[in-house]
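Just so we're aligned: the sequence shown equals residues 116 to 214 in my numbering. Below is one structure; the comments refer to it alone.
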Amino acid sequence: MKETLRRSVRITNPQGLHMRPAAAFAELAGRFESSVSVANASQTVDGKNWVELLLLAAEPGTELLLEVSGHDAARALEALAKQLGASSVEEQHTANGQV
């Protein structure tokens with residue numbers, strides 16, 4: 116069953132959503148069949164494209180809206196929300212199943 120889920124997430128990384136966390140997020144999003152979009156107050160981008168994620172210019176404290184649509188949307192949303200909310204590289208690795 117295809118479902119669409121949304122969740123707001125606040126960026127907690129002290130450097131914001133820069134290249135490394137954007138690439139890690141896009142890589143994790145690519146593991147799911149669901150489509151993934153990420154939006155700020157002014158634009159929506161493809162969550163599987165790290166370059167587009169950088170266009171959000173998400174600084175620490177920025178609130179982003181995740182939208183995930185597909186049969187694995189619930190699992191994807193949970194993992195991706197943890198990834199964006201992780202405050203350090205170590206927490207990001209834990210969030211996507213790496214220790």
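Note that beta-carbon positions come from the ideal geometry of N, C-alpha and C, so glycine has one too.
Own chain, CB closer than 6 Å to residue i, minus 5 neighbours either side, in chain order
i    : result
G162 : A144, V151, S152, V153
H208 : Per-residue confidence for H208 stands at a pLDDT of 35, beneath the threshold of 50, marking its modelled position as unreliable; the derived number appears in the next sentence. Counting only Cβ-Cβ distances below 6 Å, and skipping sequence neighbours, we find nothing.
8 Å Cβ cutoff met for residue i and residue j
i    : j    : result
L132 : L168 : yes
S184 : S149 : yes
W165 : A188 : no
E182 : T119 : yes
G200 : R146 : no
Sequence-distant residues of its chain with Cβ nearer than 7 Å to residue i (five each side left out)
i    : result
R122 : L181, L192, A196
K232 : No answer is possible for residue 232: the residues shown for the chain start at 116 and end at 214.
Residue i - DSSP class collapsed to helix/strand/coil
i    : result
E206 : Legend: pLDDT at E206 = 37, less than 50; position of this residue unreliable, no value from coordinates given.
T119 : strand
Own chain, CB closer than 8 Å to residue i, minus 5 neighbours either side, in chain order
i    : result
A141 : G162, K163, N164, W165, L168
R190 : F147
Quiz item: What are the complete alpha helix (DSSP H) segments, minimum 4 residues, inside the stretch 128-196?
Solution: 134-144, 165-169
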